[in-house]
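Heads up: the structure comes next, in structure tokens.
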Amino acid sequence: MWQRHFPTYDFMHHAFFVYDSAFQEWLFQYKFLGDYRLRTTFTTELKSYFKQERHSLICPIPLSQDRFLERGFNQTQALLDAACIPTVQLLEKAIHTAPQAQKNRIERLAVPQPFVPTNRVHLIKGKKIILFDDVYTTGRTLFHAADVLRQYQPAMIRTISLAR
């Protein structure tokens, strides 16, 4: 489906884990119950993966200001911070939407473009960009993010998530 929508986008995604009941339970505890201590759970895996990506720009998927205030932290940024992975904020989430977990597949795919570029997009041209999110379900979030960044001529965009 994504190849039809983005025929020129060289898509490649990496997920560390399968989204199963154990991961779902961990995610609920971390994101929805706000157990910030769990941000260190996957430090070893993240450090190992990003060790090979020293010259890439790592961009965590942002939260809307409302969601950040509600949760108190950006779960993707916190995971990368705990692993001492340097990041660059290339995107802002300008539209506050209901959490993806509360939507079915059709509703997720219908979400309008929520992201806008930050004033850091001048760094993108000719660089490898890695977009990082906690979970890849339909891919809508990552494709929205990539769609914004592609216009700034990166060498390539890759996506990574903890689980899919």
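When you number the sequence shown by the UniProt record's numbering, it's gap-free, plus one each residue, and the end is 164.
A virtual CB, placed ideally from N, CA and C, is assigned to each residue, including glycine.
All figures in this text were calculated on a predicted structure; none of them were measured in a lab.
| Check | Outcome |
| --- | --- |
| Alpha carbon of residue 63 to alpha carbon of residue 104, nearest angstrom | 20 angstroms |
| Length of the line joining the Cα atoms of residue 44 and residue 90 | 25 angstroms |
| Residues that DSSP places opposite residue 92 in a beta bridge | 116 |
| Residues of its chain near residue 74, where Cβ-Cβ distance is below 7 angstroms and the 5 sequence neighbours each way are ignored | 60, 62, 63, 68 |
| Sequence-distant residues of its chain with Cβ nearer than 7 angstroms to residue 111 (five each side left out) | 97, 140 |
| Cα-Cα separation, residue 129 to residue 158 | 6 angstroms |
| Per DSSP, the bridge partner or partners of residue 132 | 60, 160 |
| One or two residues paired with residue 15 in a DSSP bridge | 161 |
| Close Cβ partners of residue 116 (< 6 angstroms) along its chain, the five nearest in sequence each way excluded | 92, 94 |
| Distance between beta carbons of residue 42 and residue 76, contact taken as under 8 angstroms | So it is not a contact: roughly 11 angstroms between Cβ atoms. |
| Element boundaries [alpha helix (DSSP H), containing residue 47] | 43-50 |
| Cβ-based burial, residue 109 [other Cβ within 10 Å; buried from 16] | exposed |
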